[in-house]
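> Quick note, the sequences are listed as chains A and B, same order.
The first sequence: position 302 = 302 (this note's numbering), numbered continuously.
Residues are numbered in this note's numbering as their position in the second sequence, beginning at 1, plus a constant of 1000.
Heads up, the beta-carbon is just placed ideally off N, CA and C, and yes, glycines get one too.
In this text, all values refer to a predicted model and were calculated from it rather than measured experimentally.
Dumping the structure here so I can ask a few things about it.
2 protein chains.
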Amino acid sequence: MQKSLRPSTPNMARPTTKDLARVAGVSRATVDRVLNGREGVKSETVEKVTAAIRELGFVRNISAANLAKSKSYRFIFVLPRSGDQFLDEILRHIHEAGEVFASDMIWAEVQPIDENDPHQIAAFLASLSPGDVDGVAIMAPETPQLRDAMTRLAERGVCALPFISNQALSGDNLVGIDNRAAGKTAATLMGRFIHAPRGQILVIAESMQSRDSLERRLGFDQVINHSFPHLTTLPSLETYGSAERAERVITAATQRNPDIVGVYVMSSEARIPLEVLERTDLPQQIVSIAHERTPFTENALRNGSIDALITQDPGHLVRSAIRRLRALSDNLTTSTSQEKIRIEVLIATNI
Amino acid sequence: MQKSLRPSTPNMARPTTKDLARVAGVSRATVDRVLNGREGVKSETVEKVTAAIRELGFVRNISAANLAKSKSYRFIFVLPRSGDQFLDEILRHIHEAGEVFASDMIWAEVQPIDENDPHQIAAFLASLSPGDVDGVAIMAPETPQLRDAMTRLAERGVCALPFISNQALSGDNLVGIDNRAAGKTAATLMGRFIHAPRGQILVIAESMQSRDSLERRLGFDQVINHSFPHLTTLPSLETYGSAERAERVITAATQRNPDIVGVYVMSSEARIPLEVLERTDLPQQIVSIAHERTPFTENALRNGSIDALITQDPGHLVRSAIRRLRALSDNLTTSTSQEKIRIEVLIATNI
DNA sequence: ACGGTTTTGAGGCACGTGCATCAAAATTTT
DNA sequence: AAAATTTTGATGCACGTGCCTCAAAACCGT
């Protein structure tokens, strides 16, 4: 029974290992053995110490421990090379966060990888050892190789965190939004923003091979079909990041379907498809919804060519990932602090 | 000799005050004098040390410094007594955060106050000294007394942070959302969700004396008038937190205005007005938008009696405030880490 | 050159924890 | 009971910084 977790008077000092030793009736050396899980301590003695921990409400001073070990945290963000604007924002915030976290002895670095070469990613992860690095945040499509590499990494004692776009239902560990819910949100806004009695919705992605797009599409269709049966969703168009291809498939689709009343751009890089749509002769009152805030989408929102933006704040993402990695590499046991990334909805009036 | 801010190899240690002393060609005592701004150092010597700091990219190890000073942070949340559900959530998260931040030597406490007694608040703030407490987050209506008390507190070296609802345009320091933008967002959603060719919107607040409500109303009207001229906003109804009064004014308003197509509940406690509306015989397809996620509003969103919720995540608010206070009390000079709280839009599909 | 003042250096202890060593005590095995 | 083994205690250094004291050095005005 802990009397109180918190000092009732300001000057009440926090219990130290010395206090633990005194209360448990053992030496500081033994307290140390228990706290750090070393061998050769009678279970009876362990119990005495843990009882004292509970009684005093002892919390290990991590700063002091890190100082003693001269430990500093080194985290690596494994990110795709491809430089779309969203990724640029992420990079910028990683460097910014690097400076902020420096005084906490946290280093954050970026390792660019070819996101479509699972072997290369796996090889990189395999090259990391606990001595070199304390945690990795990985933004890459889910593949069996990657999944295995992450598991092995965790087994070697380096924590790995899916970042933004990755591994399906690593769920509670992912730093990023629930893409299915994001798709649902887009659909609800789309359905309610569209006043036409019926019509079709154009759906554009960079590639439907990425899990993100699949999940968004899933959520989107689910809500449109269930709640807005007067609307039809067209098959996903894929740009593969190419402007020419985007031009081709989008114009083809708009000519084939005269009743388009909405456009949903699922990929994080909305610039290419939106520029193409700009040039296409679609009716003005079309509702368009895209993802991620970038200089381009922000501007598009302002001038009305986009009606809503589903976003995740890059700064929050980065800082949250860093804090999560720190928590993970500190207490392998305690539950991670619940830092759920929320889906933000941006419209012209709250950017 | 190390030019880079960041270690290129993992084992490159961070420069310490000892390194600074060596490079600057002075003693560690002098480095200490410069670092901590003590008097009696020739400006020439100061320059030598700051040059070394720049050259090495020295960053003070705050953990070690705090350890040496046996400093721990003590922050106080000054919150209204009144226990609405939103406040309950805030309280819960403060206690939760207290445990998480304990290992970083951060204590967070709550001081309940009567939010409508500026004198009492000012007196409490005046009773605080830098020795007792390192920072205060204050949630209370703006008054001249409070503003003065906060200024004086800051002068005494205790940082004060407006929390959620407070001081007008302390702007960049406020932990909370921009209420004007929140009102605008509500209006945009309202305007686009309403399909009726014309109609009136009911606006309900707890009290229009609070700055929050005023700003939300301002933003709301601005957007409705500008972008949705076919809609009319009715004068704000005030409940003063009383169920009877809410019942009276709301039923009166609904009888007086037959063309109500939307309801906007501005106050953070949406339960009372919504329960009244539930009993009122309004047409089913009315669009209703409220603020803050509570067990009640969450449920209302699920069962469709609310169409959208403008929220700020209580957990984020609390943790952000704590981190902000820590940053403030650490470096009185450096720019605070940019932790802007975003306006979240919740609809049935992304709760 | 003198005394006085300002500036600097040297050294040491403290903070709370990790880690190492060696001896002492307790327990088990022979 | 002696020997072997396990468990515990005592002690000390280290981490990086703050803060203290005292003396040495550099500078000042006369």
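If you drop the 5 nearest sequence neighbours on each side, which residues of the same chain put their C-beta closer than 6 Å to that of A:V318?
H93, I94 and A97
> By the three-class DSSP mapping on this structure, what secondary structure does A:Q111 have?
strand
> Taking just the CA atoms, how far does B:I1106 sit from A:V100?
18 Å
> Which residues share a DSSP beta bridge with A:Q200?
The partner list for A:Q200 (beta bridge, DSSP) reads A:T232 and A:I260.
> Under 8 Å, with one C-beta from each stretch per pair, do the region 289-308 of chain A and the region 251-271 of chain A reach the 3-pair mark?
yes
> Check the Cβ-Cβ distances between A:Q2 and every residue of chain B, and say whether any is below 7 Å.
Residue confidence for A:Q2 is low, a pLDDT of 35 falling below 50, so the modelled location carries little weight; the figure read from the coordinates is stated next. Chain B places no beta carbon closer than 7 Å to that of A:Q2, leaving this residue out of the contacts.
> Quick one: what does DSSP say A:P80 is sitting in, helix, strand or coil?
strand
> At which residue ranges does the region 1107-1164 of chain B contain complete alpha helix (DSSP H) runs of 4 or more residues, listed in the order of the chain?
1118-1126 and 1144-1155
> If we ignore side chains and look at the alpha-carbon of each, how far apart do B:D1212 and B:N1179 end up?
6 Å
> Between B:K1184 and chain A, is the shortest Cβ-Cβ distance under 7 Å, so that the two count as touching?
Chain A places a beta carbon closer than 7 Å to that of B:K1184, counting this residue as a contact.
> Is the region 68-78 of chain A close to the region 116-136 of chain A, with three or more CB pairs under 8 Å?
Enough Cβ pairs lie closer than 8 Å, so yes.
> What is the rounded straight-line gap between the Cα of A:D313 and the Cα of B:A1348?
Their Cα atoms are separated by approximately 21 Å.
> Mind checking the region 1048-1064 of chain B against chain A and listing, in chain order, the residues whose C-beta falls within less than 8 Å of any C-beta there?
V1059, R1060, N1061, I1062, S1063 and A1064
> Compare the Cα-Cα distances from A:P15 to each of B:A1181, B:I1062 and B:S1103 and report the closest residue.
B:S1103
> So, with DSSP's three-state summary, where would you put B:A1052?
Note: B:A1052 maps to helix in three-state DSSP.
> Give the interface partners of B:M1190 over in chain A, defined as CB-CB distance under 8 Å, in chain order.
The contacting residues do not exist; B:M1190 stays about 11 Å from chain A at best.
> Check each candidate in A:T185, A:L91, A:K48 and A:D221 and name the one with the smallest Cα separation from A:R342.
A:T185
> Please list the partners that B:H1195 has in chain A, where partner means a Cβ-to-Cβ separation under 9 Å.
R192 and H195
> Check the Cβ-Cβ distances between A:A181 and every residue of chain B, and say whether any is below 7 Å.
With respect to chain B, the C-beta atom of A:A181 has a partner C-beta closer than 7 Å.
> Excluding sequence positions up to five away, which residues of its chain have a Cβ less than 7 Å from the Cβ of B:I1322?
F1075, A1097, F1101, I1106 and A1108
> Looking at C-beta atoms only, is the number of pairs between the region 192-203 of chain A and the region 228-242 of chain A that lie closer than 8 Å three or more?
yes
> Quick check: what's the CA-CA separation for B:I1224 versus A:V59?
53 Å
> If I measure Cβ to Cβ from A:Q209 and keep anything under 8 Å in the same chain, skipping five residues before and after, which residues do I get?
P141
> Within a Cβ cutoff of 6 Å, which residues of the same chain sit near B:A1154, ignoring the five residues on either side of it in sequence?
A1160
> Jot down the residue ranges of each uninterrupted beta strand (DSSP E) in the region 1294-1339 of chain B, minimum 3 residues, whole runs only, in chain order.
With a minimum length of 3 residues, the unbroken runs of beta strand (DSSP E) contained wholly in the region 1294-1339 of chain B fall at 1308-1311.
> Taking the alpha-carbon positions, what's the B:R1271 to B:N1257 distance?
22 Å
> Let me check one thing: in DSSP terms, what residues is B:Y1073 bridge-paired to?
B:I1106
> Mind pulling the chain A residues with CB within less than 9 Å of B:V1343?
It should be pointed out that residue 1343 of chain B corresponds to Ile in this sequence rather than to Val. Within chain A, the residues near B:I1343 are E344, V345, L346 and N350.
> Whose C-alpha, out of A:F220, A:G25 and A:D88, is nearest the C-alpha of A:T45?
A:G25
> Closer than 6 Å: is that where the CB of A:N179 sits relative to any heavy atom of the ligand SAM?
Although the ligand SAM was asked about, the structure shown includes no ligands whatsoever.
> Less than 8 Å between the CB atoms is what I'm expecting for A:L56 and A:D84, so what's the real figure, rounded?
A:L56 to A:D84, Cβ: 52 Å. No contact.
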